Every structure is written in structure tokens, then in C-alpha cells.
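What follows is one structure encoded as C-alpha cells, with my remarks underneath.
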Amino acid sequence: MQFKPFVFDRMNQQIPVSIVPMTQADAELTNLPPVWQTSWTSEYLSADCYEKYAAKAGGELIALGAYEILNNSLVVHIVYMEAQPESNPNLDGRKPQYTGIGRLMIAYGIKLSIDNGFAGDVVLEAKTTELARHYEKDFGAVPLPIFDTSAPRYLIADEAAKRIFFTYLA
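Just remember that this note's numbering sits 1 ahead of the position in the sequence shown, which is counted from 1.
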């Protein structure tokens, strides 16, 4: 079996995706129109301590993800993930060009966890209350204790992680 990433287009057809290490050119695209929510050239996201990946459909950059391999915790931390503006439902309210991007980027975090000898466990923070509900309802995420200054944190593990990951095995 192989990991075969994909998203869906506006016609709900599966579109194959390649996930490759993010380049500086990929990061710089986030500053050009249509501008992404976050500049991936920022000091925070350009830090060397994160592994950064670009998801591309037919060469088109559709998402970026930053991951932190936490060897002491045996988990992968999904630091940040973002879809291109045309597929980000938070930006313009139009029907996204591609759907399933968030699930795919979480699945890639699960893959990194497995590849690093962990059990496929990932942790991530919810940027909004709506995303928190989405992670719980659609991905089986379990809330983790939070600190006063942190966003809601979630763990995706065990059967929930398997369900997500197995979606992309062929």
C-alpha cells in the first residue's frame, strides 16, 4: 500500500496531489495576489525547527503545512496549515476550488508520525471555535488541557488517526 494524497475539485472529482518540501518560492507565493491569510516568509513560519511541505495539484500550490517532530512526546505537532486563498472558505465565501485540504494536511502529519516511528499521533491547535468543532466532529480529535494563553489543543490518535490516514492508502 502507498500513501496517495488527493483533494476534490468543484465537481467533486478526486484530484491527485503531490506533497513535497516547501521551497522559498512556494513561501513567497503567499505574499502575492491573491494573498494568503499568513505570510509563510514570516519569521515564525520560516524557522528551521519546522518541517514545511507544499501540497500541489498539477503543479498548482494548494496548501502549505508546517510540522514539528516531537521525539520526546512521540507525536507530530501540526504547527500550522493553510489552504490557498481560492480554497480557503474563510476568505471570500465562494465555493472553494478544492475541498478536503485540511483533512489531507492532517493525514500528512499522521504519515510523518508513522514515518518517525510514532503511532500516527498528531496534535494541533484550533484557530477558531468553528475549527475546534470541526476537528472534534469530523476528525475525532480529543481536546487536550490548555494553558491560559493557548488556543484549544487537540490530539488525533488511535482509530481516529487510522480512519483519516487509511483514506489515502491505495
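The beta-carbon is built from N, C-alpha and C at its ideal position, and this holds for glycine as well. From a predicted model like this one, the values you see are computed outputs, not experimental measurements.
Inset, instruction - Along the alpha helix (DSSP H) that carries G1, what are the first and last residues, could you check? - result: The structure shown does not extend to residue 1, since the chain spans only 2 to 171, so no value can be given for it.
Legend entry - Spatial distance of K128 from P153 (CA atoms): 8 Å
Legend entry - Continuous alpha helix (DSSP H) stretch holding R154: start and end: No alpha helix (DSSP H) holds R154; the beta strand (DSSP E) holding it covers R154 to I157.
Inset, instruction - For my contact list, D116 and L156 are in at a C-beta cut-off of 8 Å; report their separation, rounded to the angstrom. - result: Incorrect: roughly 19 Å between the Cβ atoms, too far for contact.
Inset, instruction - Locate the alpha helix (DSSP H) running through I142, then write down its first and last residues. - result: Contrary to the premise, residue 142 reads as Ala rather than Ile in this sequence. First-last for A142: undefined, no H or E at that position.
Inset, instruction - Report the rounded CA-to-CA distance for S114 versus E69, giving the unit in angstroms. - result: Rounded to whole angstroms, S114 to E69 spans 10 Å at the Cα level.
Inset, instruction - Decide if L65 is buried, meaning its Cβ has at least 16 other Cβ atoms within 10 Å, or exposed. - result: buried
Inset, instruction - With a floor of 3 residues, list each beta strand (DSSP E) that falls wholly inside the stretch 47-96, ordered by position along the chain. - result: 52-58, 61-71 and 76-84
Legend entry - 6 Å Cβ shell around A28 - same chain, five flanking residues per side excluded: W41 and T42
Legend entry - Per DSSP, cross-strand counterpart(s) of V124: H78 and L156
Legend entry - Simplified DSSP assignment, three categories, for Q3: coil
Legend entry - Proximity winner among S47, A67, P86 and I107, relative to F7 (alpha-carbon distances): I107
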